[in-house]
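Residue numbers (my numbering): 11 to 149.
Working notes for the structure below.
Below is the structure:
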């Protein structure tokens, strides 16, 4: 994959000697910013960040920047991608795999904020078909 646009996710896989095994870029014609990559139990990788694109590897944009998740296999090939967001700016900052095999993404949202910007947590089921969101994380 070559560069797609303004700024892309750039992923390199290195061997134990530090030599490049492969390198890939992911994104569209807008800007993408990767914030976190994790190795999943099934051997694939999940990359979390944000995207303003509506094309290329980004299948949908809700407006402004959206949380963008991309799941890649051990060779860097895309398994699936998913965006989350509203009509304004939403930045995904971190992702974790949960004990049930799903995922939790945390970032900030202007789209669903009570004020200017709020923390936004999304829980995704293992089959990525259903989500739960929460912006009220006060204790």
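Glycine included, C-beta positions come from ideal geometry on N, C-alpha and C.
Item	Value
Return the residue from the list 93, 47, 53, 84 that minimises the CA-CA distance to residue 61.	93
Name the residue from 30, 46, 22, 19 whose alpha carbon lies nearest to the alpha carbon of residue 116.	46
For residue 16, I'd like the list of residues in its chain whose CB is within less than 7 angstroms of its CB, leaving aside the five on either flank, ordered along the chain.	40, 41
Going by the beta-carbon positions, is the gap between residue 97 and residue 121 smaller than 8 angstroms?	yes
List the endpoints of the continuous beta strand (DSSP E) containing residue 49.	42 to 49
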